[in-house]
Structure formats: C-alpha cells, structure tokens
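Just so we're on the same page, my numbering is the position in the sequence shown counted from 1, plus 37. Read through the structure below, which is laid out as structure tokens, and then see the notes.
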Amino acid sequence: MSSVTVRVPAKVNVQLSVGPLREDGYHDLVNVFHAVSIFDDVVARKSDSITVAVTGEWTDQVPVDDTNLAIQAARALAKHADVGYGADLVIHKSIPVAGGMAGGSADAAAALVACNELWGLGLPIDPLMRIAADLGSDVPFLLMGGTALGTGRGELLTELPTTGAFHWTFATADGGLSTPSVYAECDRLRAAAPSTGGAGTSGAGFSVGGFFSAEPDPGLLAALRAGDPHALGRHLSNDLQPAALSLRPGLAATLEAGRRLGALGALVSGSGPTCAFLAEDAAHAARLAQALPGRAPIRSTITAHGPTPGTTVL
Ligand code: ATP
Numbered sequence: 038m039s040s041v042t043v044r045v046p047a048k049v050n051v052q053l054s055v056g057p058l059r060e061d062g063y064h065d066l067v068n069v070f071h072a073v074s075i076f077d078d079v080v081a082r083k084s085d086s087i088t089v090a091v092t093g094e095w096t097d098q099v100p101v102d103d104t105n106l107a108i109q110a111a112r113a114l115a116k117h118a119d120v121g122y123g124a125d126l127v128i129h130k131s132i133p134v135a136g137g138m139a140g141g142s143a144d145a146a147a148a149l150v151a152c153n154e155l156w157g158l159g160l161p162i163d164p165l166m167r168i169a170a171d172l173g174s175d176v177p178f179l180l181m182g183g184t185a186l187g188t189g190r191g192e193l194l195t196e197l198p199t200t201g202a203f204h205w206t207f208a209t210a211d212g213g214l215s216t217p218s219v220y221a222e223c224d225r226l227r228a229a230a231p232s233t234g235g236a237g238t239s240g241a242g243f244s245v246g247g248f249f250s251a252e253p254d255p256g257l258l259a260a261l262r263a264g265d266p267h268a269l270g271r272h273l274s275n276d277l278q279p280a281a282l283s284l285r286p287g288l289a290a291t292l293e294a295g296r297r298l299g300a301l302g303a304l305v306s307g308s309g310p311t312c313a314f315l316a317e318d319a320a321h322a323a324r325l326a327q328a329l330p331g332r333a334p335i336r337s338t339i340t341a342h343g344p345t346p347g348t349t350v351l
C-alpha cells in the first residue's frame with residue numbers, strides 16, 4: 038500500500054470534573070467525551086523517514102518538527118512494532134488548534150491508524166489503545182469515538198449509550214489556550230478560595246481535603262441515553278470553565294451571547310477557548326452559527342453533530 042487516508046473527529050467534553058492535583062502532576066478526572074463531526078484528515082505515504090506537513094485553516098499554528106504529536110505517534114508505533122519504516126504524513130487540519138477540542142491528540146490517533154495500515158503491521162485495537170494512552174490521555178478516546186466515560190487521567194474508557202444525534206455550534210477564538218496553563222489556573226483559583234469547597238470554582242466532585250469523589254452525572258447519562266438535547270443542555274458541566282474564563286474573560290460574553298440566542302446549553306470546550314453551544318436540531322445550530330459572530334468577539338463558527346465514529350480509514 039503506497040498511501041493511506043484516515044479521518045479523525047474532534048471532541049467536546051459534556052462533563053469534565055477535575056480532582057485535586059496529584060503528586061505525579063496529573064489530576065483525576067471524570068470526563069464524558071463526545072466525538073463531533075469536525076475532522077482532520079491525515080494522509081500517510083511511504084518514505085525513508087517520518088515527516089509531517091500541515092494544510093488548512095490552522096496551518097501556521099501547528100509545529101512540523103518532532104513536537105508534532107502525529108510524528109510522535111508514528112515513532113511510538115514503529116518502536117512498539119520494532120520496525121524502521123518511515124512515513125510522510127500530511128494533516129489536512131479543520132480542528133481548531135489549542136482550542137480545547139483535542140486536535141493534536143486527534144492527529145496522533147490518526148497517525149497510529151494510518152501507519153498501522155501503511156506499514157502492514159495489522160496491530161489490533163488493544164495495543165493501539167495502549168500506545169495511544171502513553172501519547173496522551175485524550176488519544177485513546179479519539180481512536181474509539183462515539184460518547185464515552187473516561188476516568189483516571191481520562192484514558193480508562195467505557196462506551197456510553199446514546200440515541201440519535203446531538204447538534205452543536207462551536208465558536209472558535211483568536212489565539213489558543215495552553216491546556217497545562219488552564220489546569221494551573223484551576224489549581225490556583227481553588228487554592229485562593231478553599232472555603233468554596235464543592236461549589237463555585239471547585240466543581241461537584243472536589244473536596245478541600247483532597248478527596249475526589251466525582252461520578253458521572255446521572256442526569257447527563259440519562260439525557261444522552263434518551264437523545265434529549267434539552268436535558269443534555271441542562272446537565273453540561275466543565276470544571277475548567279472558571280479557569281478558562283479567568284485567563285480569557287472575553288469568553289463570558291461569547292457564552293452569554295449563545296444563551297441569549299436560545300442555545301440549550303453553553304460551555305467552554307475542555308480547556309478552551311472554543312465555546313460549545315448545544316442546539317435543538319441542525320437548523321437551530323445553523324441559526325446560532327449565523328447569529329453569533331455579530332454578537333460576540335469570536336473568530337469563526339462551526340456547526341457539527343455528535344456522536345461520530347472514531348479514527349476511520351477512508
Ligand atoms: P486538548 O483539548 O487535548 O487539551 P487542544 O485542542 O487545546 O488540546 P491542540 O490543538 O491539541 O490543543 O494543540 C495544543 C498544542 O499542541 C498546539 O499549540 C501545538 O503547538 C501542539 N501540537 C503538536 N502537534 C499538533 C498537531 N498535530 N495539531 C495541533 N497542535 C499540535
């Protein structure tokens with residue numbers, strides 16, 4: 038096979054509960070991932086070395102050196118399989134960069150699947166999931182897709198049942214937010230306001246003594262199962278949102294604009310700064326996408342639906 042094309046979705050977290058900082062520098066998470074129809078396509082061609090190039094709207098913000106997560110994924114796969122093969126990877130990027138939609142992790146998942154095919158390794162999903170987890174806590178979910186509960190750092194996944202499709206409008210922002218800096222701000226806000234305990238900036242599962250007891254929200258799980266966007270809108274939650282708003286105060290106006298326009302729910306996607314608005318149906322999502330730019334300081338809007346499959350060979 039001389040060329041393989043793979044498609045990978047973005048994600049939004051419909052619940053993101055963040056525990057206190059662990060000694061190893063990570064946070065325990067209860068993370069309900071939902072794959073949405075904003076896709077990066079990755080083309081892999083045989084080569085002597087492993088290289089990456091990027092095309093599309095966000096090209097100038099993506100590194101093409103060894104820090105690119107697609108290169109790291111291809112290298113990790115070659116090491117695991119003990120092969121010296123190369124691949125020229127081309128990423129056609131539509132997922133906002135540093136936007137809280139896991140675009141880099143998505144490209145890592147895509148590179149794993151593409152190189153597994155290109156090199157004829159035939160590795161089944163289990164070892165690919167293990168390599169994915171070593172690359173980053175969002176990477177396994179982007180292999181799997183759909184809607185899933187992630188625990189631990191987010192990498193222990195359980196598929197969640199859903200009915201039908203949910204329709205979304207995403208508002209992208211100029212300039213990204215670095216995920217580590219948003220977690221650091223979350224820790225800082227909690228340390229500065231310890232008396233808030235389980236409320237406010239601390240999130241439902243967080244207790245000041247450092248005990249993390251969050252569970253997936255039963256109302257959220259029921260809404261997903263029933264395919265009820267009104268109920269899902271009421272149960273969306275993101276513990277990183279106060280930190281993202283603290284670092285980027287303008288996002289509050291974006292969320293408020295979406296609510297005023299009748300979004301069923303509005304939240305920052307992951308670590309932000311992309312904002313996610315849940316719509317009643319595809320036509321409502323299109324109306325939100327059209328109306329938002331005049332009312333909030335945003336870069337662009339994208340409509341999408343979820344859940345979508347994970348990484349797929351085209
Ligand atoms: P997450 O939601 O997983 O926290 P994100 O969506 O906020 O991540 P990414 O788009 O994954 O952020 O990008 C984070 C940083 O990773 C970028 O600023 C970029 O420098 C780097 N990066 C490395 N490889 C890639 C890639 N293939 N695509 C995008 N960014 C990449």
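C-beta atoms are modelled at their ideal positions from N, C-alpha and C, and glycine is treated no differently.
- For T199, no beta strand (DSSP E) encloses it, and the DSSP letter there is neither H nor E.
- Under the three-state reduction of DSSP, R297 is assigned to helix.
- L106 has its CB nearer than 7 Å to a heavy atom of the ligand ATP.
- In the DSSP assignment, V127 falls outside any alpha helix (DSSP H) and within the unbroken beta strand (DSSP E) covering G123 to K130.
- Collapsing the DSSP output to three states places A145 in a helix.
- The shortest CA-to-CA distance from L165 to any of L351, A289, L126 and K116 is the one to K116.
- If you draw a straight line from the Cα of L277 to the Cα of F76, it is about 24 Å long.
- Between the stretch 104-113 and the stretch 84-93, the count of C-beta pairs closer than 8 Å reaches three or more; the two stretches touch.
- According to DSSP, D119 shares a beta bridge with no other residue.
- Beta bridge pairing from DSSP links F207 with A313 and I339.
- Rounded to whole angstroms, the gap between the alpha carbons of G213 and V134 is 7 Å.
- Just measuring C-alpha positions, the residue of E252, A290, G307 and G302 sitting nearest N275 is G307.
- L160 sits in coil when the DSSP states are folded into three classes, being neither helix nor strand.
- Rounded to whole angstroms, P100 and T209 show a C-alpha spacing of 20 Å.
- In the structure shown, the three-state DSSP call for P46 is strand.
- In this structure, the C-beta of T216 approaches the ligand ATP to less than 7 Å from one of its heavy atoms.
- A distance criterion of 7 Å places the beta-carbon of G141 in contact range of the ligand ATP, judged by its closest non-hydrogen atom.
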